[in-house]
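**Student:** Dumping the structure here so I can ask a few things about it.
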Amino acid sequence: MKIILKAALSLSLLISVGASQAADPQTFLKLYSAESQEAPSVQKGEKFFSSKHGNEWSCSSCHGMPPTGEGKHASTNKAIAPLAPSFNSDRFTDSAKVDKWFKRNCNDVLGRACTPSEKADVLAYLLSLKK
Numbered sequence: 001m002k003i004i005l006k007a008a009l010s011l012s013l014l015i016s017v018g019a020s021q022a023a024d025p026q027t028f029l030k031l032y033s034a035e036s037q038e039a040p041s042v043q044k045g046e047k048f049f050s051s052k053h054g055n056e057w058s059c060s061s062c063h064g065m066p067p068t069g070e071g072k073h074a075s076t077n078k079a080i081a082p083l084a085p086s087f088n089s090d091r092f093t094d095s096a097k098v099d100k101w102f103k104r105n106c107n108d109v110l111g112r113a114c115t116p117s118e119k120a121d122v123l124a125y126l127l128s129l130k131k
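Quick note: the sequence shown uses our numbering, first residue 1, plus one each step.
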């Protein structure tokens, strides 16, 4: 029963995010948590964000540690706006951008797609960073 309720919540969130294209970071956190069927962990998210995973970059290679200021792409040197939502209110508000950047950045860092649990943990960490 618990799995069915989480799947229904996940589907409901996915439909609402997909339909509107606009959301807030908490919506994405709830979605990824429901998909993973695990509670997100700030500590696991921070460790994931700052660690290399077999490729030469970590998330922090470009976004900085902590990711509260401007970052810089590790190979192009292109400026990257702060990633933490409390330091950049545009972060994690557009479902198409969230999907695009998780797909691209997870592939750069991991060489594969991130799991819903990894996304939830990283987002929980980013949401824990306050001004």
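Note that beta-carbon positions come from the ideal geometry of N, C-alpha and C, so glycine has one too. Predicted, not measured: the structure shown is a model, and the values here were computed from it.
Quick one: what's got a C-beta closer than 7 Å to S86's C-beta in the same chain, skipping five residues either side?
**Tutor:** Counting only residues of its own chain and dropping the five nearest sequence neighbours on each side, S86 has a CB closer than 7 Å to the CB of L129, K130, K131.
**Student:** Measuring alpha carbon to alpha carbon, tell me which residue in S33, V42, C59, T27 is nearest P110.
**Tutor:** Residue 110 is actually Leu in this sequence, not Pro. Among S33, V42, C59, T27, the Cα nearest to that of L110 belongs to C59.
**Student:** Residue ranges of each alpha helix (DSSP H) run of no fewer than 4 residues wholly in the region 17–60, ordered along the chain?
**Tutor:** 25–36, 42–50
**Student:** Let me check understanding here. Comparing Cα to Cα, which of L127, D90, C62 lies closest to K78?
**Tutor:** C62
**Student:** For G45, collect the residues of the same chain with a Cβ closer than 6 Å to its Cβ; drop the 5 residues on either side in sequence, then sort them by chain order.
**Tutor:** Excluding positions up to five away in sequence, the list reads D121, V122, A124, Y125.
**Student:** Just list the residues that DSSP pairs G71 with in beta bridges.
**Tutor:** I80
**Student:** Using 10 angstroms around the beta-carbon of R91, count the other beta-carbons present and answer buried if the total reaches 16, otherwise exposed.
**Tutor:** buried
**Student:** Using C-beta distances below 7 Å, list every residue in its chain close to V98, excluding the 5 sequence neighbours before and after it, in chain order.
**Tutor:** Same-chain partners within the cutoff: F28, F92.
**Student:** What would DSSP say about D90, mapped onto helix, strand or coil?
**Tutor:** coil
**Student:** 8 Å is my cut-off, CB to CB: does S33 come that close to chain C?
**Tutor:** In summary, chain C is missing from the structure at hand, where a single protein chain is found.
**Student:** Judging by CA-CA distance, which residue of P40, A113, S89, N107 is the nearest neighbour of A23?
**Tutor:** S89
**Student:** I'd like the list of long-range same chain contacts for R112, defined as Cβ closer than 8 Å, with 5 residues on each side in sequence excluded.
**Tutor:** Cβ-Cβ distances below 8 Å link R112 to C106 in the same chain, with the five nearest sequence neighbours on each side left out; the list follows chain order.
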